[in-house]
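In this note's numbering, the protein residues as written are 202 to 424.
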């Protein structure tokens, strides 16, 4: 199969960055629909099918996995109305809730971004994750620092708490990851990847590498 996206996809976002206002977007809506949203939805659909071929059931239909082009500007000093990228979120729980583990992708003119894990667990979820790590520190270390994960994503990302519950203090000396309040992998690649016929293959490679982290986190949240 050929590439999903043409150079017009990247050009649209380069132009939008210079003209991020409703009048310009209205005048270029046809380009957005034909060169951006339509091929992106096709790609997301094919990623979903490829994931389901791995024995995973995705609860959402493809259109619900795709993020909106409109920005939420209610609490932002930047009132630019549009995002400069397209996003999609694949979750085995059928939720876009960023407190749950999932696989996230973002395509724009500047890069192709991929993320997996839990970006914003709440207090109770964080405690569940930490207890799961404490129960199986070696297993978690293998997931977070195996050769494939380090090769494709690098070190596990996330901010850490300076203070953690006393029950985890001793383990934190041996496994500092337990002090994290976020647990995610992230990979940014050149935007040229978006135009490559190998895009789907690359995305599935990253999904497979990241899935053990998502499985560990989801099991922790369900315990």
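Glycine is no exception: its CB is placed at the ideal position from the N, C-alpha and C atoms.
Item checked: Whole-angstrom distance between residue 231 and residue 242, CA atom to CA atom -> Here the C-alpha atom of residue 242 lies approximately 15 Å from the C-alpha atom of residue 231.
Check: With 16 other CB atoms within 10 Å as the buried threshold, where does residue 309 fall?
Finding: Looking at its Cβ environment, which holds 16 or more other Cβ atoms inside 10 Å, residue 309 is buried.
Exposure label - residue 276; buried when at least 16 CB within 10 Å: Exposed, because fewer than 16 other Cβ atoms sit within 10 Å of the Cβ of residue 276.
Within 10 angstroms of its Cβ, does residue 307 collect 16 or more other Cβ (buried), or is it exposed?
Its Cβ being crowded by 16 or more others within 10 Å, residue 307 is buried.
_Assigned exposure category for residue 415 - 16 Cβ within 10 Å defines buried_ = Residue environment for residue 415: buried (at least 16 other C-beta atoms within 10 angstroms of its C-beta).
key: Given 8 Å, three or more beta-carbon pairs between the segment 244-258 and the segment 392-412   = Contact between the segment 244-258 and the segment 392-412 is present, because at least three Cβ pairs lie under 8 Å.
**Request:** Determine the direct distance from the alpha carbon of residue 318 to that of residue 226, and round the result to whole angstroms.
**Result:** A straight line joining the alpha-carbon of residue 226 with that of residue 318 spans about 33 Å.
I'd like the span of the alpha helix (DSSP H) that includes residue 303, first residue to last. Careful: residue 303 lies outside any alpha helix (DSSP H), inside the beta strand (DSSP E) at 303-309.
Query - Selected residue, minimal CA-CA separation from residue 283, among 215, 328, 239 - result: Among 215, 328, 239, the Cα nearest to that of residue 283 is on 215.
* Around the Cβ of residue 208, are there at least 16 other Cβ atoms within 10 angstroms (buried) or fewer (exposed)? -> Exposed.
- prompt: Can you check whether the CB of residue 266 is closer than 8 Å to the CB of residue 291?
  reply: It is a contact, given that the beta carbons lie within the stated cut-off.
From this set, 237, 206, 330, 342, which residue's C-alpha is nearest residue 423's C-alpha?
Ranking 237, 206, 330, 342 by Cα distance to residue 423 puts 330 first.
Check: Is residue 392 buried or exposed, if buried means 16 or more other CB atoms sit within 10 Å of its CB?
Finding: Buried is the call here.
| Supposed close pair residue 300, residue 323 - CB separation, criterion 8 Å | With a Cβ gap of about 6 Å, residue 300 and residue 323 count as contacting.
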